[in-house]
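Accompanying notes for the structure given below.
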Amino acid sequence: MIRAIDTFKRLVFSRRSFRSYVIICFTAIIVFLISHTAYSKGENIQYVYDTIQASTSQRNSDILKESLSQIKIKPIDEVPVTPMELIPTYDDMIDLKKDTFWNPLTKQYYKKFEELDLESRCAFYFRHLYTMNEKWSNSLSTVSFLINDVDEKALDKMKDKHGIMLADEETIKLHKRKNDIGLAFQRLRLYDTCFLQNEDVNMERIFKRDDGHESNNNDEAEDIEKVLKKADNEYTKREIQEPPELEYDQYDFEHRMFPFLNHFNKDNFTTLIPKITMVDGKTLEKGYLPILNPDDGTMTGSSTFEYDPTISFWSNWNKMSGIVGKRGIILSFADGHLDYATKLITTFKYQGNKLPIQIIYKTGDLNSQTIKILQRVATDMDIDYAKIDTEDERTPVPQQLIFVDITDTLNKDVIGNYKKYKNKWLAVTFNLFEEFIFMDIDAISYVDMNYYFETEEYKKTGTIFFRDRILLFNTVDRCVPIFDTLQPKIKEAKYFGNFPFIDRDYVTDECEKNLSVEEVIFKRYFDDHYQHQMEAGLLAVDKTRHVIPMVIASMLHMSKKTEICNYGDKDFFWIGFVVAGHPYSFHSVNAGTVGKYERKKKTSTTEEGSICAIQIAHMSHDDHLLWLNGGANNCKVDSAKKDWAHEKMGPFLKKKFKTFERLKKWYSVDPIDTEYGMVSADRYDAWGGYIGNCKGYVWCLHYSKKLKDFSFDETVERGRLINFSKDEQAQLLATNTVWTTFNLTDYKINMKKESNEKSKLKSN
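My numbering puts the first residue of the sequence shown at 26, with every later residue one more than the last.
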């Protein structure tokens with residue numbers, strides 16, 4: 026018995042036997058873990074889902090990304106219409122490959138999609154656009170919207186003469202999926218991720234082309250494997266198999282991504298560079314860019330530009346912008362708005378603005394005479410400011426205007442579609458500044474223009490937007506459902522790290538008081554269906570960070586299906602950022618107005634009043650006027666005669682102004698009253714209409730302050746009434762007087778007199 030025990034001990038504890046037992050135990054543990062993983066998959070998915078819900082509500086993107094990495098996305102049961110839908114199939118292939126090997130080092134060779142480097146992922150996605158659909162394009166003439174808006178009556182009409190259905194709901198759905206504008210925006214987001222947000226991705230290498238070879242490979246699984254087997258070449262030392270060669274190149278790709286661009290390549294890119302005319306009348310040679318002094322915007326030289334094929338079109342455009350100037354103001358208007366434009370430039374000159382100003386236009390917007398007048402107004406130091414009553418003596422500063430003609434940049438087939446408000450998109454995307462402030466020409470800023478770049482909002486996200494009046498104007502029924510389909514989805518988040526900026530579910534379920542201003546605006550538009558959330562008369566954007574959101578916004582505004590969703594361009598701006606998944610910032614102070622305060626009621630416990638004006642004004646956090654939209658006149662349209670004779674408005678106006686001449690002067694000559702300002706309460710009943718004069722542009726903002734019921738001293742205030750200091754009133758009045766008293770008609774007469782006098786001198 027003792028001998029048997031000793032023999033057993035020798036067998037068990039010998040070196041060789043011990044090693045064998047360790048291997049057996051280790052194998053058993055692995056088998057157990059694998060089987061346990063299989064049985065608990067459902068529990069893991071539920072756990073991951075719960076983790077995602079918790080992490081998004083806590084705004085913890087790192088936890089969210091980690092959680093997404095644990096999700097296994099199944100291949101779709103439908104026909105794939107985007108390379109994104111092929112990725113789960115690839116991951117399944119990798120899992121099968123790994124299962125055929127026991128050696129961990131061999132397994133490392135096979136990487137799942139999200140483990141690949143970014144350039145490999147980008148190459149896979151964008152090259153497969155062509156293998157899946159040779160005719161893909163982001164053209165608005167080909168896209169559709171993935172919502173169920175098919176009319177049953179329309180379906181019944183889709184029959185041939187024998188009564189056989191030519192289309193059914195499934196066929197229409199597949200067509201919509203293949204041409205969904207959401208896929209166009211997915212492509213734009215990945216373009217942004219691959220070619221704008223990351224400097225390490227080489228576009229030229231991704232679209233490497235062999236002109237003697239056509240890529241015609243339709244075997245998707247084999248093609249995926251070829252593209253993605255770049256994994257861990259250092260270990261295997263195997264020859265890297267490149268993606269299949271394409272018959273298309275990066276310039277075809279750029280044009281399909283941005284069909285509004287003229288066709289170009291590396292050698293003829295100069296033809297796309299805008300024609301640039303300086304304030305002194307000098308037009309730069311085609312292909313040359315001005316170099317601006319950062320201190321005063323004056324031109325210090327010029328430079329050519331060579332297109333870099335390793336980076337994208339928009340990266341090249343940003344590099345061009347960096348040559349011209351870092352920061353500046355951009356304007357967009359046509360000949361018919363010359364009056365307002367000259368008032369704005371004259372005001373800038375009085376205020377001492379030193380930021381350069383680019384005026385973005387295309388053929389047909391500005392004629393040569395308009396440009397000459399603008400150049401003259403910007404540099405004329407003899408304009409009389411004597412009517413301004415202020416102790417602040419200012420020396421006018423000539424304004425550095427740069428006229429940027431982008432006609433040659435745009436595709437001739439679509440250039441005619443950019444009219445009225447839509448011209449603004451050309452200005453914000455094709456200006457030649459890295460960072461810009463866009464202004465409507467009837468907007469007036471009362472602070473130094475650099476102020477907007479230095480706000481906390483701008484520093485945080487590279488944007489600052491301002492809120493509109495809080496009004497009960499509903500969105501069109503189909504608009505929110507359309508916009509809901511356009512944000513980044515879970516596949517894009519998992520494989521490329523593109524996440525929605527706003528968490529839709531969190532915002533819907535949460536009370537407004539716990540939301541950020543951006544989330545409140547999102548909730549009111551997407552859940553409450555109220556438009557007019559953004560006032561786009563002045564905004565600042567870092568174009569080097571945010572060009573794609575503005576391209577997306579422009580496409581939504583240009584589309585026939587969605588152009589009616591918002592009034593003009595306003596709400597499209599921030600919705601473009603939502604769809605792009607980009608961060609953006611709104612100034613948190615509600616919109617307000619300035620003007621004569623009409624007190625309706627005043628007691629020891631109550632005050633009520635209102636300000637009625639055409640202007641929408643924006644105050645700082647410490648109650649100073651930043652800027653307003655609507656000009657400095659009491660009415661910006663010529664409606665005095667019509668209002669005076671109006672059956673209902675006429676008696677009221679005659680009682681108030683006594684004579685027609687007094688009304689006309691108050692409308693078009695007198696500057697607005699700026700003794701008081703008012704910030705809107707966060708309520709839909711804060712704003713109301715007036716009597717309909719000035720073509721309905723007048724809005725009344727209401728204010729009230731009351732002693733709380735059964736309280737000794739606690740008050741409830743609706744809105745905020747601001748009585749500006751005497752010094753601030755004087756400065757506001759001075760600026761507004763400059764704006765209102767500049768008369769373009771008189772200025773043209775003086776220009777003509779001077780021209781005639783010069784002609785006489787020459788003839789003598």
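Where is the CB? At the ideal position from N, CA and C, for every residue including glycine.
The structure displayed is predicted, hence computed values, not measured ones.
* Asked: Okay, do the segment 439-448 and the segment 325-341 touch, 3+ Cβ pairs below 8 Å being the bar?
  -> no
* **Three-state class that DSSP yields for Leu391 in the structure shown** => As a first step, residue 391 is located in the sequence shown; it is residue number 366 there, counting from the start. Note: Leu391 maps to coil in three-state DSSP.
* To do: Determine, using beta carbons only, whether Gly434 and Phe461 come nearer to each other than 8 Å.
  => Working through the sequence shown from its first residue, we reach residue 434 at position 409. Working through the sequence shown from its first residue, we reach residue 461 at position 436. A quick correction: the sequence has Thr, not Gly, at residue 434. No.
* Among Val349, Ser780, Pro319, which one has its Cα closest to the Cα of Thr329? -> Here residue 329 refers to the residue found at position 304 when the sequence shown is read from its first residue. It is Val349 whose Cα lies nearest to the Cα of Thr329.
* Between the CA atoms of Ala561 and Lys794 - distance to the nearest angstrom -> Within the shown structure, residues of the chain are numbered from 26 to 789, placing residue 794 beyond reach of any answer.
* Span of the beta strand (DSSP E), counted from its first residue to its last, around Ile507 -> Indexing the sequence shown from 1 puts residue 507 at position 482. Taken as a continuous stretch (DSSP letters only), Ile507 belongs to no beta strand (DSSP E), being part of the alpha helix (DSSP H) at 504-509.
* Go ahead and pull the three-state DSSP assignment for Ala565. => Taking the sequence shown and counting its residues from 1, the one referred to as residue 565 is at position 540. In this structure, Ala565 counts as strand in the three-state DSSP scheme.
* Is the beta carbon of Ala657 less than 8 Å from the beta carbon of Ile716? -> What you label residue 657 is simply residue 632 of the sequence shown in a count that begins at 1. What you label residue 716 is simply residue 691 of the sequence shown in a count that begins at 1. Not in contact: Ala657 and Ile716 (Cβ atoms no closer than 8 Å).
* To do: Below 8 Å on the Cβ atoms is my guess for Leu213 versus Ile577; work out the distance and round it to an integer in Å.
  => The sequence position of residue 213 within the sequence shown is 188, counting from 1. The sequence position of residue 577 within the sequence shown is 552, counting from 1. The Cβ separation is near 6 Å, so the contact holds.
* **Close beta carbons around Asn539, own chain, < 8 Å, minus the five adjacent residues each side** => As a working mapping, residue 539 is identified with position 514 in the sequence shown. Within the same chain, Asn539 has no close Cβ partners at all.
* Asked: What distance in whole Å lies between the Cβ atoms of Cys660 and Cys719, which are believed to be in contact at a cut-off of 8 Å?
  -> Taking the first residue of the sequence shown as position 1, residue 719 is located at position 694. Taking the first residue of the sequence shown as position 1, residue 660 is located at position 635. Indeed, because the Cβ distance is near 4 Å, the residues count as touching under 8 Å.
* Buried or exposed: Leu154, going by 16 or more other Cβ atoms within 10 Å of its Cβ? -> Start at 1 with the first residue of the sequence shown, and residue 154 comes out as number 129. Answer is buried; the Cβ neighbour count reaches 16.
* How would you call Arg708, buried or exposed, if buried means at least 16 neighbouring beta carbons within 10 angstroms? -> Position 683 of the sequence shown, counted from the start, is the residue given in the question as residue 708. Result: exposed.
* Classification of Gly620 by the beta-carbon crowding that lies within 10 angstroms, buried from 16 upward -> As a working note, residue 620 is residue 595 in the sequence shown. Answer is buried; the Cβ neighbour count reaches 16.
* Asked: Between the segment 698-705 and the segment 754-773, are three or more C-beta pairs nearer than 8 Å?
  -> yes
* **Proximal residues to Tyr72 (C-beta, below 7 Å), its chain only, five neighbours per side dropped** => Here residue 72 refers to the residue found at position 47 when the sequence shown is read from its first residue. Low confidence applies here, because Tyr72 scores a pLDDT of 35, under 50, leaving its location unreliable and the question unanswered by this model.
* Under a Cβ-count criterion, where at least 16 other Cβ atoms within 10 Å of its own Cβ denotes burial, should Ser788 be classed as buried or exposed? -> The count along the sequence shown starts at 1 and reaches residue 788 at position 763. It counts as exposed.
* In whole angstroms, what is the alpha-carbon distance linking Asp530 and Arg745? -> Locating residue 530 in the sequence shown gives position 505, counting from the first residue. Locating residue 745 in the sequence shown gives position 720, counting from the first residue. Near 32 Å, if we compare the C-alpha coordinates of Arg745 and Asp530.
* Asked: With which residues is Phe463 paired in a DSSP beta bridge?
  -> Position 438 of the sequence shown, counting from 1, holds the residue named residue 463. Ile355, Leu564, per the DSSP bridge assignment.
* To do: Compute the Euclidean distance between the alpha carbons of Pro284 and Leu451, then round it to the nearest angstrom.
  => Here residue 284 refers to the residue found at position 259 when the sequence shown is read from its first residue. Here residue 451 refers to the residue found at position 426 when the sequence shown is read from its first residue. Distance between the alpha carbons of Pro284 and Leu451: 14 Å.
* Asked: Given Lys449, which residues of its chain have a CB within under 8 Å of its CB, disregarding the five upstream and five downstream residues?
  -> For this step, residue 449 is matched to residue 424 along the sequence shown. The answer, listed in chain order, is Ser357, Phe463, Ala561, Asp594.
* Asked: Buried or exposed: which applies to Ser613, given that a residue is buried once 16 or more other Cβ atoms fall within 10 Å of its Cβ?
  -> For the purposes of this step, residue 613 is taken as the residue at position 588 of the sequence shown. With fewer than 16 Cβ atoms within 10 Å of its Cβ, Ser613 is classed as exposed.
* Asked: Does the Cβ-Cβ distance between Asp430 and Pro299 come in under 8 Å?
  -> Indexing the sequence shown from 1 puts residue 430 at position 405. Indexing the sequence shown from 1 puts residue 299 at position 274. Yes.
* Cβ of Gly322 within 8 Å of Cβ of Lys397? -> On the sequence shown, residue 322 is found 297 positions in, with the first residue counted as 1. On the sequence shown, residue 397 is found 372 positions in, with the first residue counted as 1. For Gly322 and Lys397, no; Cβs fall outside 8 Å.
* **alpha helix (DSSP H) runs contained entirely in the segment 630-685, provided each spans 4 or more residues** => 665-670, 674-682
* To do: Leaving aside the five residues before and after His22 along the sequence, list all residues of the same chain whose C-beta is less than 7 Å from its C-beta, in chain order.
  => No answer is possible for residue 22: it lies beyond the span of the chain, which begins at 26 and ends at 789.
* **When Val304, Pro319, Asn475, Pro423 are compared against Thr395, the one with the closest alpha-carbon** => Reading the sequence shown from its first residue, position 370 is the one you call residue 395. Residue Val304 is the option with its Cα nearest to Thr395.
* Asked: What are the partner residues of Gln425, as DSSP defines its beta bridges?
  -> As a working note, residue 425 is residue 400 in the sequence shown. Gln425 is not bridged to any residue.
* Asked: Counting pairs of beta carbons, one from the segment 520-534 and one from the segment 639-651, are three or more of them closer than 8 Å?
  -> no
* To do: Spell out a yes or no on whether the segment 718-738 and the segment 631-644 are touching, meaning 3 or more CB-CB pairs, one atom from each, closer than 8 Å.
  => yes
* Asked: Who are the near neighbours of Val566 in its chain, counting only those whose CB is closer than 8 Å to its CB and skipping five residues on each side?
  -> Within the sequence shown, the letter at position 541 stands for residue 566. Cβ neighbours of Val566 beyond the five flanking positions: Val453, Glu460, Phe461, Phe463, Gly487, Thr488, Met575.
* Any idea if Glu543 is buried or exposed, counting beta-carbon neighbours within 10 angstroms, 16 or more meaning buried? -> In the sequence shown, residue 543 corresponds to position 518, counting from 1. Looking at its Cβ environment, which holds 16 or more other Cβ atoms inside 10 Å, Glu543 is buried.
* Asked: When the Cα atoms are used, what is the spatial distance from Asn341 to Phe611?
  -> The residue labelled residue 341 in the question sits at position 316 within the sequence shown. The residue labelled residue 611 in the question sits at position 586 within the sequence shown. In a straight line, the C-alpha of Asn341 is about 29 Å away from that of Phe611.
* Does the beta carbon of Gln211 sit closer than 8 Å to a beta carbon anywhere in chain B? -> In summary, chain B is missing from the structure at hand, where a single protein chain is found.
* Could I get the ranges of all uninterrupted alpha helix (DSSP H) runs contained in the segment 535-585, with 4 residues as the minimum, in chain order? => 542-551, 568-583
* Which same chain residues, not among the five before or five after Phe547, have their C-beta less than 6 Å away from its C-beta? -> As a working mapping, residue 547 is identified with position 522 in the sequence shown. Counting only Cβ-Cβ distances below 6 Å, and skipping sequence neighbours, we find Ile527, Val532.
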